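Residue numbers (our numbering): 868 to 1171.
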């Protein structure tokens, strides 16, 4: 028996570890460091209907408490991704999740439909929570009615399971989760980055050209843990948890809060081997904490 195995809608994961969308590209650079078949899954960089150049530079900045980014969904477009990027990842024995985005509901539908006949893509991550694009993104991710509407429309046209990525930039994350559950979501990804800003003192200008960006890294981990716990109490959907994960102990904390699997984001930039190391360390961390498997840990934090 594989103590790390997790089964989710559309996904038979050999372990619960996957790189987060936007932090791993399409895997080429990381494949120089280790065999991507070791990963539970790969979440690809966001796909939109046509190619996007993203926001002006500078669009990434390091802060004392994490990383700010405002990439703006730069990508080569869904057709290029299907024809040129998916075949590379399909060479590896791992599941592939396509992150999809759009400026309109119709664009979300078009991108989702494009993946229907892509043999090697196993699920979609519906990106309704990007805080760094002027159209689409944040308004879908902060309004429960809009979130439900885009989820329902994409679910209607897609043959693949839909994991909706929730924004933490809301006053009630549970309301958002309930809305997309009612609209037919198969699972949740949470959380995306928190909107932040840092100012460069000598120039008195924001560090990144977009002025604001998404804060990620260890600083947001307690927020992610809290939100996953709250959502798990009210929604019966599997959760791919993310937000500042750096090691196997962090993974166990997410599992105990209620995540069924996890995605590792910013840590990949400082340590390209972090996912491989977490997979290797996780069995021992489970054992040292009296747990025999990932399944045994999910949602088992003690709150009384």
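In this text, a Cβ means the ideal position worked out from N, Cα and C, and glycines have one as well.
Quick caveat, the model's predicted, so the values are computed rather than measured.
TODO: Determine which residues share a DSSP beta bridge with residue 929 and list them.
DONE: The residue given as residue 929 occupies position 62 in the chain shown. According to DSSP, which records beta bridges pairwise, residue 929 is partnered with 934.
- [ ] Output the residue ranges of the alpha helix (DSSP H) runs that lie fully inside the stretch 942-975 and measure 4 residues or longer, sorted by chain position.
- [x] 953-956
Task: 8 Å Cβ shell around residue 902 - same chain, five flanking residues per side excluded - done: As a first step, residue 902 is located in the chain shown; it is residue number 35 there, counting from the start. Excluding positions up to five away in sequence, the list reads 959.
- [ ] Go through its chain and collect everything with a Cβ distance to residue 1094's Cβ below 7 Å, but skip five positions before and after it.
- [x] Start at 1 with the first residue of the chain shown, and residue 1094 comes out as number 227. The residues are 1035, 1040, 1057 and 1058.
Open item on the list: Runs of 3 residues minimum, wholly inside the stretch 1043-1126: which ones carry the beta strand (DSSP E) assignment?
Closed with: 1054-1057, 1061-1063, 1080-1083 and 1106-1109
- [ ] Please say whether residue 1143 and residue 1111 have beta carbons closer to each other than 8 Å?
- [x] By 1-based counting over the chain shown, the position of residue 1111 is 244. By 1-based counting over the chain shown, the position of residue 1143 is 276. In this structure, residue 1143 does not lie closer than 8 Å to residue 1111 by Cβ.
TODO: Report buried or exposed for residue 886, applying the criterion of at least 16 other Cβ atoms within 10 angstroms of its Cβ.
DONE: Looking up residue 886 in the chain shown gives position 19. Residue 886 is buried by the Cβ-count criterion.
Open item on the list: I'd like to know whether the C-beta atoms of residue 1107 and residue 1091 end up nearer to each other than 8 Å.
Closed with: Position 240 of the chain shown, counting from 1, holds the residue named residue 1107. Position 224 of the chain shown, counting from 1, holds the residue named residue 1091. Not a contact, by the Cβ cut-off of 8 Å.
- [ ] Return helix, strand or coil for residue 875, following the three-state DSSP convention.
- [x] What you label residue 875 is simply residue 8 of the chain shown in a count that begins at 1. Reduced to three states, the DSSP call for residue 875 is strand.
Task: Identity of the residue in 985, 919 and 967 nearest residue 949 by Cα - done: Against the chain shown, residue 949 aligns to sequence position 82. Considering only alpha carbons, the answer is 985.
Open item on the list: Which of the three DSSP states is assigned to residue 1130 in this structure?
Closed with: The sequence position of residue 1130 within the chain shown is 263, counting from 1. Strand, per DSSP.
Open item on the list: For the pair the stretch 1025-1034 and the stretch 1043-1062, tell me if three or more CB-CB distances fall below 8 Å.
Closed with: yes
Open item on the list: Quick check on the DSSP output: the beta strand (DSSP E) that includes residue 853 runs from which residue to which?
Closed with: This structure cannot settle anything about residue 853, because the visible part of the chain is limited to 868 through 1171.
Task: Straight-line gap, residue 1025 to residue 1103 (C-alpha atoms, nearest Å) - done: Counting from 1 along the chain shown, the entry for residue 1025 is found at position 158. Counting from 1 along the chain shown, the entry for residue 1103 is found at position 236. Between residue 1025 and residue 1103, the C-alpha separation is close to 21 Å.
TODO: Give the C-beta separation of residue 1083 and residue 934 to the nearest angstrom, bearing in mind that I take them to be a contact with Cβ-Cβ under 8 Å.
DONE: Counting from one through the chain shown, the residue named residue 1083 turns up at place 216. Counting from one through the chain shown, the residue named residue 934 turns up at place 67. Going by Cβ atoms, the distance from residue 1083 to residue 934 rounds to 5 Å, so yes, they are a contact pair.
TODO: Drop a sphere of 10 angstroms on the beta-carbon of residue 976, count the other beta-carbons inside from all chains shown, and report buried for 16 or more, exposed for fewer.
DONE: Along the chain shown, read from residue 1 onward, the residue named residue 976 stands at position 109. It counts as buried.
- [ ] Tell me whether residue 879 is buried or exposed, calling it buried when 16 or more other Cβ atoms sit within 10 Å of its Cβ.
- [x] The residue labelled residue 879 in the question sits at position 12 within the chain shown. The residue in question, residue 879, is exposed, as its Cβ has fewer than 16 Cβ neighbours within 10 Å.
Task: Contacting residues, own chain, Cβ-Cβ under 8 Å from residue 1150 (five flanking each side not counted) - done: Translated into positions along the chain shown, residue 1150 becomes position 283. Answer for residue 1150: 870 and 871, listed in chain order.
Task: DSSP state of residue 913 mapped onto helix, strand, coil - done: Along the chain shown, one-based indexing puts residue 913 at 46. In this structure, residue 913 counts as coil in the three-state DSSP scheme.
TODO: Return the CA-CA distance between residue 1163 and residue 875, expressed in angstroms with no decimal places.
DONE: If you number the chain shown from 1, residue 1163 lands on position 296. If you number the chain shown from 1, residue 875 lands on position 8. So the alpha carbons of these two residues sit roughly 15 Å apart.
- [ ] Go to residue 1146, then tell me how far its alpha helix (DSSP H) extends in each direction, as first and last residue.
- [x] For the purposes of this step, residue 1146 is taken as the residue at position 279 of the chain shown. Where residue 1146 is concerned, the enclosing alpha helix (DSSP H) stretches over 1141-1155.
Task: Nearest-angstrom Cα separation, counted from residue 1117 out to residue 916 - done: Indexing the chain shown from 1 puts residue 916 at position 49. Indexing the chain shown from 1 puts residue 1117 at position 250. Roughly 35 Å between the two C-alpha positions.
Task: Contacting residues, own chain, Cβ-Cβ under 8 Å from residue 873 (five flanking each side not counted) - done: Mapped onto the chain shown, residue 873 falls at position 6. Once the five neighbours on either side are set aside, the close Cβ partners of residue 873 are 880, 882, 883, 907, 1127, 1128, 1161 and 1162.
TODO: Please name the residue, chosen from 1159, 1062 and 1008, that lies closest to residue 1047 on a Cα-to-Cα basis.
DONE: As a working mapping, residue 1047 is identified with position 180 in the chain shown. Cα-wise, what sits closest to residue 1047 is 1008.
Open item on the list: Assuming contact is defined by CB atoms lying nearer than 8 Å, are residue 909 and residue 971 in contact in what I supplied?
Closed with: Residue mapping note: residue 909 aligns to position 42 of the chain shown, counting from 1. Residue mapping note: residue 971 aligns to position 104 of the chain shown, counting from 1. Not closer than 8 Å, so no.
Open item on the list: Given this structure, state the Cα-to-Cα distance separating residue 1066 from residue 1081, to the nearest angstrom.
Closed with: Within the chain shown, numbered from 1, the residue matching residue 1066 stands at position 199. Within the chain shown, numbered from 1, the residue matching residue 1081 stands at position 214. Approximately 14 Å between the Cα atoms of the pair.
Open item on the list: For a test of the three-state rule: what should DSSP assign to residue 1161, helix, strand or coil?
Closed with: If you number the chain shown from 1, residue 1161 lands on position 294. Helix.
- [ ] Could you spell out the range, first to last residue, of the beta strand (DSSP E) harbouring residue 1031?
- [x] The residue you call residue 1031 lines up with position 164 of the chain shown. Residues 1029-1032.
Task: Of the listed residues 891, 877, 900 and 923, nearest to residue 1077 (C-alpha basis) - done: Along the chain shown, one-based indexing puts residue 1077 at 210. Minimum Cα distance to residue 1077 is reached at 923.
Open item on the list: Judging by CA-CA distance, which residue of 946, 1119 and 992 is the nearest neighbour of residue 1146?
Closed with: The residue given as residue 1146 occupies position 279 in the chain shown. Considering only alpha carbons, the answer is 1119.
Task: Closest Cα partner of residue 928 within the set 946, 1079 and 973 - done: Locating residue 928 in the chain shown gives position 61, where the first residue counts as 1. Closest option to residue 928, Cα to Cα, is 1079.
TODO: Out of 1010, 1105 and 1038, point me to the one whose CA is closest to residue 1124's CA.
DONE: Counting from one through the chain shown, the residue named residue 1124 turns up at place 257. Nearest C-alpha to residue 1124: 1105.
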